[in-house]
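Colleague: Please read through the structure below; I'll follow up with questions.
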Amino acid sequence: MRKGLWISFIILPLILACSPVTATKSIHRAEKALAAAVAAGGDKKCPYEYTTALISLEYAKSREGVSEFEAAATFAENARKMAERARVKAALIADGNTARLDEEEVE
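In structure tokens, the structure reads:
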């Protein structure tokens with residue numbers, strides 16, 4: 292009985308701590324991807340992808356603020372993907388490879 296109780300005091304906090312850490316990491320990755328997109332000119336050249344990433348990131352932060360960590364991680368991951376797409380598309384536009392914009396490597 293005591294062993295089971297001891298294990299639950301160790302395991303339960305670890306399980307509960309995973310969601311906040313995951314959400315925070317996802318938000319940090321999305322912020323870095325958004326900064327990279329801005330550096331590549333994605334905010335000007337790919338406004339749809341950039342704006343989608345920005346709004347998703349802000350929503351992820353708001354969900355994290357009310358302890359909805361799973362939703363925060365999901366929206367942060369979406370923001371990271373869209374920011375990455377904006378960065379890649381902006382780089383292709385800057386290189387003059389507009390014919391490759393519809394290819395799968397932008398995805």
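For the sequence shown, position 56 matches number 347 in our numbering, and the numbering has no gaps at all.
Note that CB positions come from ideal geometry on N, CA and C, so glycine has one too.
Predicted model, so just to flag it, every value in this text is computed and none were measured.
In chain order, what residues of the same chain lie with their CB nearer than 7 angstroms to the CB of residue 377, ignoring the 5 residues before and after it?
Modeller: The residues are 328, 333, 337, 340, 341, 344.
Colleague: Tell me the rounded alpha-carbon separation between residue 325 and residue 310.
Modeller: Going from the Cα of residue 325 to the Cα of residue 310 covers about 22 angstroms.
Colleague: My output table needs one value for residue 379: the three-state DSSP class, helix, strand or coil.
Modeller: Three-state result, residue 379: helix.
Colleague: Near residue 347, which residues of its chain fall below 7 angstroms by C-beta distance, leaving aside the five closest residues on each side in sequence?
Modeller: Result list for residue 347: 366, 369, 370, 373, in chain order.
Colleague: Do residue 314 and residue 363 have their C-beta atoms within less than 7 angstroms of each other?
Modeller: Taking 7 angstroms as the Cβ cut-off, residue 314 and residue 363 qualify as a contacting pair.
Colleague: Mark residue 380 as exposed unless 16 or more other C-beta atoms lie within 10 angstroms of its C-beta, in which case mark it buried.
Modeller: By the 10 Å Cβ count, residue 380 comes out buried.
Colleague: Could you tell me the distance, in whole angstroms, from the CA atom of residue 361 to the CA atom of residue 323?
Modeller: Cα to Cα, the separation comes out at about 20 angstroms.
Colleague: Within the continuous alpha helix (DSSP H) that includes residue 351, where are the two ends?
Modeller: Counting along the chain, the alpha helix (DSSP H) containing residue 351 begins and ends at 338 to 356.
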